[in-house]
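In case it helps, the numbering used here puts the sequence shown at residues 159 to 297. Where is the CB? At the ideal position from N, CA and C, for every residue including glycine. Small disclaimer: the values here were computed from a predicted structure and weren't measured. Since the structure comes first, as structure tokens, the remarks are kept for the end.
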Amino acid sequence: GDTTTLEKRVQVALICVLVAGLMPYLWTTVSKVAGPRYDTADVRGWQARLTGLPQRAFAAHVNSFEAFPLFAAAVLASFLTGADPQRVMQLSIAFVLLRLAYGLVYLMNVAWLRSLVWFGALGCSVTIFTSALSALSAA
Numbered sequence: 159g160d161t162t163t164l165e166k167r168v169q170v171a172l173i174c175v176l177v178a179g180l181m182p183y184l185w186t187t188v189s190k191v192a193g194p195r196y197d198t199a200d201v202r203g204w205q206a207r208l209t210g211l212p213q214r215a216f217a218a219h220v221n222s223f224e225a226f227p228l229f230a231a232a233v234l235a236s237f238l239t240g241a242d243p244q245r246v247m248q249l250s251i252a253f254v255l256l257r258l259a260y261g262l263v264y265l266m267n268v269a270w271l272r273s274l275v276w277f278g279a280l281g282c283s284v285t286i287f288t289s290a291l292s293a294l295s296a297a
């Protein structure tokens, strides 16, 4: 019934939050595998010496951490305010796919496309958050 559908949509959105929260580790793994030998005794020095693809992978790692809080807060706010779960689920999936594309485009070093994809993912977070605000004001 409707409850099962609602639960599935909420579940998918929460899985997207989990995936987005883990995504930075995908990019740091790429950086560590593609870059010079990782030095746990001098992590910041190792990061400073990165160039090319490993440096871009590390930058995607850092940016993934920067993008995550707004997205996670928006999804949770949407649940608290009763925003449309279908819309939240769709935007959550779009966010994760756009952030994955962001990292891949960053690795490929296509700056204009990276910026476009970054704005798209930010738009998903902002739209989820405004959906939460709208649901609250409609209540």
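Host alpha helix (DSSP H) of residue i (start-end)
| i | result |
| --- | --- |
| Asn221 | Gly210 to Thr239 |
| Val263 | Pro243 to Met266 |
| Thr198 | Careful: Thr198 lies outside any alpha helix (DSSP H) and carries neither H nor E. |
| Arg272 | Ala269 to Ala296 |
Buried or exposed (CB count within 10 angstroms, at least 16 for buried), residue i
| i | result |
| --- | --- |
| Gly261 | buried |
| Phe226 | buried |
| Phe253 | buried |
| Phe229 | buried |
| Phe287 | buried |
| Arg257 | buried |
Nearest candidate by alpha-carbon position, reference residue i, set the options
| i | options | result |
| --- | --- | --- |
| Thr186 | Val284, Ile286 and Leu265 | Leu265 |
| Gly210 | Val284, Val268 and Cys282 | Val268 |
Quiz item: Hey, is the region 236 to 252 in contact with the region 170 to 186, meaning 3+ C-beta pairs nearer than 8 Å?
Solution: The region 236 to 252 is in contact with the region 170 to 186.
Self-check item: Three or more C-beta pairs below 8 Å linking the region 207 to 216 and the region 180 to 191
Solution: Three or more beta-carbon pairs drawn from the region 207 to 216 and the region 180 to 191 are found closer than 8 Å, and the two stretches are therefore classed as touching.
Quiz item: Is the region 199 to 213 touching the region 269 to 277 in the sense that three or more CB pairs, one from each, lie closer than 8 Å?
Solution: No: fewer than three Cβ pairs fall under 8 Å.
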